[in-house]
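Okay, so here's the structure we're looking at.
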Amino acid sequence: MLCFRVVLWGVVLVLMMIPGAFLVGIIGRVAGFRPGSKPGTGETVIGWFGIVFLGSIMLGMCVIAGLIDWGVSSLVERVQNPIQNPIHQPALDFKPTPKPIPADWKEANMAKTFLSDMQEFNARVGWGNFGKNGKLGYDLPIGDNIRVDNKFYPNSLSAHPPSNGHSSVSYRLGRKMKLFKAWAAYNDKEHAHLDPETLATFVVLGDGVCLWASSPLQKGVMESCQISVEGVDVMELQVHCPGSFGNVRAVWLEPQLFR
8 MLCFRVVLWG VVLVLMMIPG AFLVGIIGRV AGFRPGSKPG TGETVIGWFG IVFLGSIMLG
68 MCVIAGLIDW GVSSLVERVQ NPIQNPIHQP ALDFKPTPKP IPADWKEANM AKTFLSDMQE
128 FNARVGWGNF GKNGKLGYDL PIGDNIRVDN KFYPNSLSAH PPSNGHSSVS YRLGRKMKLF
188 KAWAAYNDKE HAHLDPETLA TFVVLGDGVC LWASSPLQKG VMESCQISVE GVDVMELQVH
248 CPGSFGNVRA VWLEPQLFR
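The sequence shown begins at 8 in the numbering used here and counts up by one.
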């Protein structure tokens with residue numbers, strides 16, 4: 008940008024100097040100025056008119072150059088720093104009723120199962136296919152692997168929601184599990200301007216009862232979920248999108264059950 012400005016104003020300076028010197032000569036000749044002679048009233052009027060005319064041309068050139076400088080600078084700034092419109096949306100009315108987690112539940116002493124290794128049912132998404140085992144269920148220029156903050160998560164799920172609706176997937180726990188743990192996030196994007204057009208809310212239901220709900224998830228945020236699912240027969244994961252589903256690449260990172 009600095010190089011462009013140097014070249015632009017250098018060209019303007021040259022354009023003002025060359026025609027300026029030429030016009031000064033013409034004005035002097037028309038006005039009848041001669042070395043050692045005193046100009047009359049008519050010559051003075053013509054001389055001043057010429058000076059004002061020349062000054063107006065130079066001022067106009069500066070104004071035009073300034074407008075070009077401003078326009079190009081604004082365009083470069085917009086390309087380098089695209090405008091990110093803030094997303095304003097009402098909060099969804101989820102009122103989770105989590106169960107208490109006993110102090111003696113230690114993950115190290117419990118058997119762990121990843122949801123990717125279980126058979127899901129009633130999987131519904133708004134874009135592509137339901138993804139498991141670290142796959143998105145749709146292709147991107149950066150690949151079809153679930154990746155957040157440039158890190159791959161091989162046991163994760165992908166559930167891109169539809170516009171003004173929600174994605175969902177269910178698992179039968181058979182009242183055998185105790186603890187559920189996961190992270191809600193958006194998959195990495197391939198371009199800086201591909202932000203989610205709507206902030207999604209991640210929800211966990213146990214037998215139809217809301218056990219956990221994220222805040223409307225901001226871009227670049229991973230929100231953790233650790234809840235008791237003791238006594239739950241069917242657990243359902245939902246991702247709610249109360250607006251456009253553009254780039255709402257919702258993923259459940261490493262969802263796992265403990266018993």
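Where a beta carbon is used, it is the ideal one built from N, C-alpha and C, also for glycine.
Remember, predicted model here, so these are calculated numbers, not experimental data.
| query | result |
| --- | --- |
| Helix, strand or coil at GLU114 according to DSSP, with G and I counted as helix | helix |
| Closest by C-alpha distance to HIS4, when choosing among LYS142, LEU264, PRO148 | This structure does not reach residue 4, given that the chain is present from 8 up to 266, and the question cannot be answered. |
| Alpha-carbon spacing of ARG182 relative to VAL155, whole angstroms | 32 Å |
| Alpha carbon of VAL258 to alpha carbon of ALA166, nearest angstrom | 6 Å |
| Candidates ALA192, GLU237, GLY215, LEU201: closest to VAL246 by CA position | ALA192 |
| Bounding residues of the beta strand (DSSP E) (the contiguous stretch that carries ILE153) | Here ILE153 belongs to no beta strand (DSSP E), and DSSP marks it neither H nor E. |
| VAL211 versus GLU230: straight-line alpha-carbon distance, rounded | 13 Å |
| Within 7 Å, strictly: CB atoms of ASP195 and LYS226 | no |
| Test item: CB-CB of LYS188 and GLN233 under 7 Å | yes |
| CB contact flag (SER170, PHE128, <7 Å) | no |
| Every unbroken beta strand (DSSP E) within the segment 156-235, with a cutoff of 3 residues, ordered by chain | 172-179, 186-193, 208-213, 216-220, 230-235 |
| Counted within 10 angstroms of its Cβ, other Cβ atoms place PRO262 as buried (16 or more) or exposed | buried |
| Reduced DSSP secondary structure (H/G/I, E/B, other) of TRP134 | coil |
| CB-CB length for ALA207 against LEU224, believed under 8 Å | 5 Å |
| Exposed unless 16 or more other CB atoms sit within 10 angstroms - verdict on VAL216 | exposed |
| CB contact flag (GLY213, VAL236, <7 Å) | yes |
| Helix, strand or coil at LEU66 [DSSP, three-state] | helix |
| LYS185 vs ARG266 beta-carbon contact at 7 Å | yes |
| DSSP three-state assignment for LEU244, whether helix, strand or coil | strand |
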